[in-house]
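> The following block contains the structure, expressed as structure tokens.
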Amino acid sequence: PAPTPGFPLPTTHTQQAYDPAADFTSKWTRADAKQIMAQSNPGVTPGENSMSPNVTMPEIPKDFPAMNDDVWVWDTWSLTDENANQISYKGWDVIFSLVADRHAGYGFDQRHWNARIGYFFRKTNADPAKDKWNYGGHLFLDNTSIGNTEWSGSTRLMQGNKINVFYTATTFYDVAERNAGGGGIAPDAAIAKALGNIHANKDGVTFDGFQHTKLLEPDGKMYQNKAQNPGFAFRDPYTFADPAHPGKTFMVFEGNTGGTRGSYKCKQEDLGYQPGDPNAETVAQVNSTGAWYQTANVGLAVADNKDLTKWSFLPPILSANCVNDQTERPQIFIQNENGKNKYYLFTISHQFTYADGMRGPDGVYGFVGNGVRSDYQPVNNSGLALGSPTDLNMPANAPEGPDPRQNGRQFQAYSHYVQPGGLVQSFIDNVDGVRGGSLSPTVKMNFKDGVTQVDRSFGQNGLGPFGYLPTNVRVGGEGLY
Ligand code: FRU
């Protein structure tokens, strides 16, 4: 691409694949992420969206419906198989969401400290515009999961009616923190799974028999642990199979670079500038800011047994050192392009987790390569795939206290989850001051050759039905279809 005056060129990424166990971590560099601003319009009326419509989620109406009146709903995923297909089970579509009680006396921003995994089901042939998702309640019985709070993960249908729920077992020790939200004793985090049974009949879907197993805790070497940083991230497991490595099961998850907080120093490879680029920063310049506090990575692990109860860490597949501190809810989506399997890594991130000197919206970010571990090319050269409408010329702030001069929809949605067919689902956070806690209208993002584009011919001006998570593979049936 032609460089934008005043901005550096992005890093060259080959997309070359490496062995999944190889000691190679792709870098989402400052040079890459600087393309977000290079592609943003500096001249918009303050408070408008400054990003290209191709990477901007259409505006969610302020009068959005609540999906459920008793629970707030946020991070959501479908029942899938190991290839990211979404499974209709005996005629029912099933989704899993983090939920928190709307009537327990705490606010929406305290949801993380009170999160449980809930589930919803709906007839596979339902009209997504009219038929509501039925709330099935909490997935696990009270006090049975590992940890006292359940954070995001993924759910896979195994043989017969067995399902594996991979989830984040977060344990808070501080009741004050749970009620007030933040500032207390740091929680523990482990990646866990629960093997259980799914049942379906004409009335709906139920689950039972869950057996919980702790799978992974951060090693402090490749993946930062709580002793090294009370604000560490270790969460959001997503498992998948790789046709290039048959018989193996892999997991991606959100992590941070191992080591004590503040000990990391930015390196040339984190900056990624082209030699002689007049708009490059030097390592010394970047290290004179606090940019080294931001050390997100996307972790990789491989299962050591068929029961998926034993796992080993592999080096991270992506790092965002000195760029961003959180690469959340990663997923791998494999798509055939021109006869070749292309691996898309999608992950969500925030405005407020960017490093000093960096700027980007809340939304989903993407990277494409030739294998699970590869020299990932950020989509659209920047990494930004789809963001909430934001004026990137204005300062970043948080959904609980947005700047009144900003675009009122900068926090309209988060936790984007890419489904087959490029359908992107998310939850509503803050639409021009109206807090959400319900699923957003699903949007469609076409992506190919490392370029993404919002499909504005989908639904109404690009907005599909609220909470549209259709299934593409049917299992069972028993006459229910
Ligand atoms: C994303 C997220 C996840 C985490 C959950 C906790 O919205 O931060 O990373 O599992 O929310 O509520």
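Heads up: the sequence shown at position 221 corresponds to 1540 in the numbering used here, and the numbers run straight through without jumps.
In this text, a Cβ means the ideal position worked out from N, Cα and C, and glycines have one as well.
The beta strand (DSSP E) with residue 1765 in it runs from where to where?
Run containing residue 1765: 1762-1767, per the beta strand (DSSP E) assignment.
> Judging by CA-CA distance, which residue of 1646, 1353, 1512, 1632 is the nearest neighbour of residue 1532?
That would be 1512, whose Cα lies nearest to the Cα of residue 1532.
> Any idea what DSSP makes of residue 1739, helix, strand or coil?
Residue state, collapsed to three classes: helix.
> Taking DSSP's pairing of strands, which residues face residue 1457 in a bridge?
In DSSP, residue 1457 forms a bridge with 1437.
> Tell me whether residue 1648, by its Cβ, gets closer than 8 Å to a heavy atom of the ligand FRU.
Yes - the ligand FRU has a heavy atom lying nearer than 8 Å to the Cβ of residue 1648.
> Between which residues of its own chain and residue 1676 is the CB-CB distance below 8 Å, once the five residues before and five after are set aside?
Excluding sequence neighbours, residue 1676 sits near 1349, 1600, 1605, 1608, 1610.
> Alpha carbon to alpha carbon, how far is residue 1307 from residue 1709?
Look at the range of the chain in this structure, 1320 to 1800, and you will see that residue 1307 is not part of it.
> Could you tell me the distance, in whole angstroms, from the CA atom of residue 1786 to the CA atom of residue 1333?
Distance between the alpha carbons of residue 1786 and residue 1333: 36 Å.
> According to DSSP, simplified to helix, strand and coil, what is residue 1420?
In this structure, residue 1420 counts as strand in the three-state DSSP scheme.
> Is the stretch 1412-1423 touching the stretch 1394-1404 in the sense that three or more CB pairs, one from each, lie closer than 8 Å?
Yes, the stretch 1394-1404 touches the stretch 1412-1423.
> Can you give me the Cβ contacts of residue 1656 inside the same chain, cut-off strictly under 7 Å, excluding the 5 residues immediately before and after it?
1767, 1768, listed in sequence order.
> If you run the structure through DSSP and keep just helix, strand and coil, what is residue 1590?
Helix.
> Closer than 6 Å by C-beta to residue 1354: which residues in its own chain qualify, once you throw out the five before and the five after it? Chain order, please.
Hits under 6 Å: 1329, 1700, 1701.
> For residue 1667, verify whether its CB is less than 8 Å away from any heavy atom of the ligand FRU.
Checking the Cβ of residue 1667 against the ligand FRU gives yes.
> Looking only at its own chain, which residues have a Cβ that is under 6 Å from the Cβ of residue 1727, when we skip the five neighbours before and after it?
So the list reads 1751, once near-sequence residues are dropped.
> Would you say residue 1736 touches the ligand FRU, meaning its beta carbon is less than 8 Å from a heavy atom?
Checking every heavy atom of the ligand FRU against the Cβ of residue 1736, none is found closer than 8 Å.
> What do you reckon, are the CB atoms on residue 1434 and residue 1469 nearer than 9 Å?
Yes, Cβ-Cβ distance for residue 1434 and residue 1469 is below 9 Å.
> How is the beta strand (DSSP E) around residue 1651 delimited, first residue to last?
First-last of the beta strand (DSSP E) with residue 1651: 1647-1656.
> So, do the stretch 1510-1528 and the stretch 1543-1552 have three or more beta carbon pairs nearer to each other than 8 Å?
Counting Cβ pairs under 8 Å, fewer than three are found: no touch.
> Do you know whose CA, among 1783, 1790, 1792, 1506, lies nearest residue 1449's CA?
Cα-wise, what sits closest to residue 1449 is 1783.
> Just the C-alpha distance for residue 1597 and residue 1327, rounded to the nearest angstrom, thanks.
Cα to Cα, the separation comes out at about 7 Å.
> Using the three-state DSSP reduction, which class does residue 1484 fall into: helix, strand or coil?
DSSP places residue 1484 in strand when its eight states are reduced to three.
> What does residue 1692 pair with, by DSSP beta-bridge criteria?
Per DSSP, 1337.
> Kindly list the residues whose CB is nearer than 7 Å to the CB of residue 1800, restricted to its own chain and excluding five residues on each side of it in sequence; keep chain order.
Caution applies to residue 1800, whose pLDDT of 43 falls short of 50 and renders its modelled position unreliable; the model cannot decide the point.
> With a 10 Å radius around its C-beta and 16 neighbouring C-beta atoms as the bar for buried, classify residue 1516 as buried or exposed.
Per the 10 Å Cβ criterion, exposed.
> Is any heavy atom of the ligand ATP found at a distance shorter than 8 Å from the C-beta of residue 1330?
No copy of the ligand ATP appears in this structure; the ligands present are the ligand FRU.
> If contacts are defined as beta-carbon pairs under 8 Å, then residue 1665 and residue 1685 qualify, I think. What distance do you get, rounded to the angstrom?
About 5 Å; that satisfies the 8 Å criterion.
> In this structure, does DSSP put residue 1363 in helix, strand or coil?
Here residue 1363 sits in coil by DSSP.
> Of the choices 1563, 1613, 1347, whose alpha-carbon is the least far from that of residue 1579?
Measuring from the Cα of residue 1579, the nearest candidate turns out to be 1613.
> Tell whether a beta-carbon distance below 9 Å holds between residue 1576 and residue 1617.
Going by C-beta atoms, residue 1576 is not nearer than 9 Å to residue 1617.
> Roughly how many whole angstroms lie between the Cα atoms of residue 1791 and residue 1738?
Computed Cα separation, rounded: 10 Å.
> State yes or no: is the C-beta of residue 1341 nearer than 8 Å to some heavy atom of the ligand FRU?
No - the ligand FRU has no heavy atom lying nearer than 8 Å to the Cβ of residue 1341.
> Using CA coordinates, which residue listed in 1771, 1694, 1763, 1352 is at the minimum distance from residue 1778?
Residue 1778 has its Cα closest to that of 1763, out of 1771, 1694, 1763, 1352.
> With distances taken from CA atoms, which of 1560, 1475, 1519, 1711 is nearest residue 1455?
Out of 1560, 1475, 1519, 1711, 1519 has the C-alpha closest to the C-alpha of residue 1455.
> Per the DSSP calculation, residue 1697 is bridged to which residue(s)?
Beta-bridge pairing links residue 1697 to 1686.
> I'd like to confirm something about residue 1332: is its beta-carbon nearer than 8 Å to some heavy atom of the ligand FRU, or not?
It does not: the Cβ of residue 1332 is nowhere closer than 8 Å to a heavy atom of the ligand FRU.
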